[in-house]
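Below you'll find the structure, written out as structure tokens, and then a few comments.
Below is the structure:
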């Protein structure tokens with residue numbers, strides 16, 4: 001079992017990636033989880049409050065959770081790579097997690113930009129137990145989801161300005177099972193006034 005909190009550096013495709021590995025709240029981990037943060041060009045880091053709540057919800061549910069900073073963020077080496085490089089970073093972080101815990105299933109979770117990163121990774125056939133997409137923006141091309149058989153859980157604020165509830169509902173309606181859409185009563189994309197409910201929804205996902 002990892003120490004309660006480990007700060008570490010992983011080897012990514014563009015250099016070292018700064019990361020934090022956290023043990024579950026009680027006992028040995030039953031699974032692992034990788035959590036990806038929002039857009040690095042808009043202030044996103046692994047310390048984002050929504051990312052922190054996602055990680056905590058997963059730990060409460062028994063997961064060992066790895067958060068990391070994409071290339072070029074804080075102490076991670078490299079430069080922003082328009083989403084493709086960041087997906088490669090997530091794959092490298094997942095490789096570390098799977099090597100560290102080779103016999104445990106893994107969940108992929110992300111917020112905003114990070115939700116698209118994990119959905120694309122999960123749908124590439126890497127064997128994820130499930131993908132949890134929090135605050136998924138709906139103005140991007142999500143056609144890759146239409147043939148994705150991985151269990152998909154979408155958690156969205158009722159007043160998300162980048163992923164309006166009705167737009168996400170239409171998207172999810174088109175997707176294959178298994179899938180689930182959960183709305184959290186909150187004021188905006190960042191779950192203002194609804195962070196506790198978000199954390200609980202992740203823990204119950």
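Residue numbers (the working numbering): 1 to 205. Using N, Cα and C, we set each Cβ at its ideal position, and we do this for glycine too.
Beta-bridge partners assigned by DSSP to residue 157: 184. Where residue 14 is concerned, there is no enclosing alpha helix (DSSP H), because DSSP gives it neither an H nor an E. An exposed status is given to residue 141, since fewer than 16 other beta-carbon atoms sit within 10 Å of its beta-carbon. Secondary structure of residue 67 (DSSP, three-state): strand. For residue 113, the uninterrupted alpha helix (DSSP H) segment begins and ends at 113 to 122.
The Cβ neighbour count for residue 178, taken over all protein chains shown within 10 Å, is under 16; the residue is labelled exposed. Ranked by Cα distance from residue 155, the first of 45, 116 and 129 is 116. 9 Å or more divides the Cβ of residue 113 from the Cβ of residue 32.
Residue 7 sits in a strand when the DSSP states are folded into three classes. By the criterion of a C-beta distance shorter than 6 Å, residue 198 is surrounded in its chain by 53, 184 and 191, once the five residues flanking it on both sides are discounted.
As a beta-bridge residue in DSSP terms, residue 35 pairs with 67 and 109. DSSP, read as helix, strand or coil, puts residue 133 in strand. Under DSSP, the beta-bridge partners assigned to residue 21 are 6 and 66. In terms of CA proximity to residue 158, 187 leads the group 150, 87, 187 and 176.
Around the C-beta of residue 144, fewer than 16 other C-beta atoms lie within 10 Å, and the residue is accordingly described as exposed.
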